[in-house]
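Enquirer:
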Amino acid sequence: MRDPRTAATFLFVPGDRPDRFDRAAESGADVVIIDLEDAVAPTNRPAARNYVRSWLETGGRAIVRLNPQGTADHNLDLRALQFLVDSVMLPKVETAAQVEATVAAFGGRTRVVALIETARGVQAADSIAASDAVLRLAFGNVDLATDLGVEPDDRAALLTARSLITLASMSAGLHGPIDGVTTVLDDFNSVQSDARYSASLGFRGKLCIHPRQLRAARIGLAPSPTQVDWAREIVSSSLGGRARSVDGAMVDHPVETRAHEILRRAENL
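Quick note: the sequence shown uses our numbering, first residue 206, plus one each step.
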């Protein structure tokens, strides 16, 4: 499993499907997220906790999406996973205090991917991102769309929320946030287009719900060949950060910084 602080592709797998855990780990996803929340019926959650615990105890590595803080299921999740996870995903985060309470319940050893998926969560994104308990922000587009009464694939309706989450991440010194799911399983172009759009807004990761989405997500998140060629030209013409002209355009230190970031992204993906 790659470091979730900078990973690009995150694959959900239902917690009550232990037959899929190893396959998910071998799928090529940077990070596997075993889900104890939406993907598992409430009646199946006790068994799912046992499956997840057993898999982690035998060396499996994954983030676990807990149930929301303040619920009975959340408390049972915490009890089942003590000493087994370095990082978890907390859904429906609306305050930094929720994240910090979860980390405290793990004895301070665990850090959180905070899933922002309500209007209140978006409004509090700055304070959530600033918490030392948070290792990254993620965007829950489907639940937020429901909260706002809009369609989850309506980019214009969710643009402000995505931008605020990116701004909160950058101002807190976090890596670019993780975008939400594309609900169409088998449409390569839709997944790639969604990933490319979110990358243009500063997102640097994507949640996936099927292994078939991983390649499209990775391609969409990566800089285009044109961007990489431009970045290489900028870097190769460096004058130690001094301003200069390249192909008729002024290049100074901020432009060089962006070029280096594009090349790092290309290498990371």
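For each residue, glycine too, the CB sits at the ideal point set by N, CA and C.
Quick caveat, the model's predicted, so the values are computed rather than measured.
Keeping to the same chain, check which residues put their C-beta closer than 8 Å to that of Ser292; ignore five residues upstream and five downstream.
Expert: Taking the first residue of the sequence shown as 1, we reach residue 292 at position 87. Answer for Ser292: Pro209, Ile268, Thr315, Arg316, Val317, Val318 and Leu340, listed in chain order.
Enquirer: Assuming Gly345 and Gly385 make a contact with CB atoms under 8 Å, what is their CB distance in whole Å?
Expert: As a working note, residue 345 is residue 140 in the sequence shown. As a working note, residue 385 is residue 180 in the sequence shown. Contact holds; Cβ gap of about 6 Å.
Enquirer: Flag Pro459 as yes if its beta-carbon sits less than 7 Å from any beta-carbon of chain B, otherwise no.
Expert: No chain B appears in this structure, which consists of one protein chain only.
Enquirer: Indicate whether Arg285 and Arg258 have their beta-carbon atoms separated by less than 7 Å.
Expert: As a first step, residue 285 must be located in the sequence shown, where it is residue number 80. As a first step, residue 258 must be located in the sequence shown, where it is residue number 53. Reading off the sequence, residue 285 comes out as Ala, not Arg. Yes, these two residues count as a Cβ contact at 7 Å.
Enquirer: State the CB to CB distance for the pair Arg417 and Asp391, rounded to an integer number of angstroms; the pair is presumed to be in contact (CB under 8 Å).
Expert: By 1-based counting over the sequence shown, the position of residue 417 is 212. By 1-based counting over the sequence shown, the position of residue 391 is 186. So it is a contact: roughly 6 Å between Cβ atoms.
Enquirer: Taking Arg334 as the reference, give the member of Ala377, Ala343 and Leu320 with the closest Cα.
Expert: To locate residue 334, count along the sequence shown from 1; it is residue 129. The sequence as given places Ala at residue 334; Arg does not occur at that position. Closest option to Ala334, Cα to Cα, is Ala377.
Enquirer: Within 10 angstroms of its Cβ, does Asp221 collect 16 or more other Cβ (buried), or is it exposed?
Expert: In the sequence shown, the residue the question calls residue 221 occupies position 16. With 16 or more other Cβ atoms within 10 Å, it is buried.
Enquirer: Taking the beta carbon of Val245 as the centre, do at least 16 other beta carbons fall within 10 Å, making it buried, or is it exposed?
Expert: Within the sequence shown, residue 245 is the residue found at index 40, counting from 1. With 16 or more Cβ atoms within 10 Å of its Cβ, Val245 is classed as buried.
Enquirer: What span of residues does the beta strand (DSSP E) with Gly410 cover, start to end?
Expert: For the purposes of this step, residue 410 is taken as residue 205 along the sequence shown, with counting starting at 1. Counting along the chain, the beta strand (DSSP E) containing Gly410 begins and ends at Gly410 to Cys413.
Enquirer: Tell me, please, whether the region 429 to 439 touches the region 402 to 416 by the rule of three or more beta-carbon pairs shorter than 8 Å.
Expert: no
Enquirer: Are the beta-carbon atoms of Leu241 and Ala229 separated by less than 7 Å?
Expert: Along the sequence shown, read from residue 1 onward, the residue named residue 241 stands at position 36. Along the sequence shown, read from residue 1 onward, the residue named residue 229 stands at position 24. No, the pair does not count as a contact, with Cβ atoms beyond the cut-off.
Enquirer: So, helix, strand or coil for Arg207, using DSSP?
Expert: Here residue 207 is taken as the residue at index 2 of the sequence shown, counted from 1. Secondary structure of Arg207 (DSSP, three-state): coil.
Enquirer: Taking Leu363 as part of the alpha helix (DSSP H), name the residues at either end of that continuous run.
Expert: Here residue 363 corresponds to residue number 158 of the sequence shown, with the count starting at 1. Arg360 to Ser376 is the extent of the alpha helix (DSSP H) around Leu363.
Enquirer: In whole angstroms, give me the CA-to-CA distance for Val433 and His458.
Expert: Locating residue 433 in the sequence shown gives position 228, counting from the first residue. Locating residue 458 in the sequence shown gives position 253, counting from the first residue. Going by the C-alpha atoms only, they are around 18 Å apart.
Enquirer: Cβ atoms of Thr307 and Leu320: under 7 Å apart, would you say?
Expert: If you number the sequence shown from 1, residue 320 lands on position 115. If you number the sequence shown from 1, residue 307 lands on position 102. Cβ distance not < 7 Å, so Leu320 and Thr307 don't count as in contact.
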